[in-house]
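In UniProt numbering, the protein residues as written are 1 to 347. By construction, the Cβ of each residue, glycine as well, lies at the ideal position given by its N, Cα and C atoms.
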């Protein structure tokens, strides 16, 4: 018994000696210091990368409460959150709540069916609105309808076999031969690989992403017919603001160093490039003043073909009817012969 205790004490002593030799405590302490050092550096990097106060790039704008509530309600209905939208309309007292909701009800009902792999409602909608869709974009409307029929053909092939798919193709593909013959030939090739579709040269046609693409295109076509944006206007405004915010913060810092305040001017000192996805209509910027045209300061066409904003034109002409020289060519003109330019999609 005593010998066993002695052996245990000896083993413990040897283990203690080895631990001391390894200097484990010092190693753990050193690693802990390294971890804390990295964490501290991370915190400082985060503080540098993110601006905690963005008020320098914002303005105190008093929005009309009724208009703002209407935009929020429309966003909720647009994104399919009907129950939340109904509660918001009720609690905020938004007038015309049903009118805001109605255009998006059928849209989301059909979208739900597409995601459930049922294209019948979408095909019926496309057939019922073929004339209106073609009036907006004939080629786009035809491509959209073929997209639905192509997806229905492939779904029929997978669920009911080659014979049913061939019957469907004969019934619906004939009128698309002129515009989609190459696609139809590829679809016919799928009939030869009905037992091994994912091992065929046409496996890409079976990708699940085609259902999501069809849903997106249906939403785009439906919203276009309703006169609505495919994306929620509130969501687009928030996205545009997030893109512009870093530039605005830098601009505010530069102006603050010069003793100026970004929030006091009526316009920004420079144009912000948000990207093509945020360009929805034409704009005219005067090449002289660099200001964007407004209804009070519209673009004017000179006889030489150059265009200026009305205020710039009058300033060059010194508010008189005498001839003045175009700032971009030798030709002369008078304010009376200059024409107001109208851009159909400009705002």
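A buried status is given to residue 85, since no fewer than 16 other beta-carbon atoms sit within 10 Å of its beta-carbon. Shown here, residue 173 sits in coil according to DSSP, grouped into three states, outside any helix or strand.
Residue 153 and residue 165 do touch by the CB rule: their CB atoms are close to 6 Å apart, below 8 Å. Contact check for residue 187 and residue 139: beta-carbon distance about 20 Å, past the 8 Å limit, so the pair fails to qualify.
Between residue 291 and residue 309 the beta-carbon gap is near 6 Å, inside 8 Å, which marks them as a contact. For the options 179, 183, 161 and 145, the alpha carbon positioned closest to that of residue 128 is the one of 145. The Cβ atoms of residue 268 and residue 251 lie closer than 9 Å to each other. A direct Cα-to-Cα measurement between residue 239 and residue 67 gives close to 20 Å. In this structure residue 156 is buried. Its beta-carbon is surrounded by 16 or more other beta-carbon atoms within 10 angstroms.
Secondary structure of residue 278 (DSSP, three-state): helix. Note on geometry: alpha-carbon atoms of residue 133 and residue 221 lie some 8 Å from one another.
Between residue 343 and residue 284, the beta carbon gap of about 7 Å places them in contact (Cβ cut-off 8 Å). If you ignore the 5 residues before and after residue 247, its C-beta comes within less than 7 Å of the C-beta of 272, all in its own chain and listed in chain order. In the structure shown, residue 325 falls within a strand segment according to DSSP collapsed to helix, strand and coil. The shortest CA-to-CA distance from residue 230 to any of 260, 278, 299 and 93 is the one to 278. Under the Cβ criterion (8 Å, minimum of three pairs), the segment 191 to 202 does not count as touching the segment 91 to 105. Our two residues, residue 116 and residue 72, have alpha carbons roughly 28 Å apart in a direct line.
Between residue 82 and residue 62, the CB-CB gap reaches or exceeds 9 Å.
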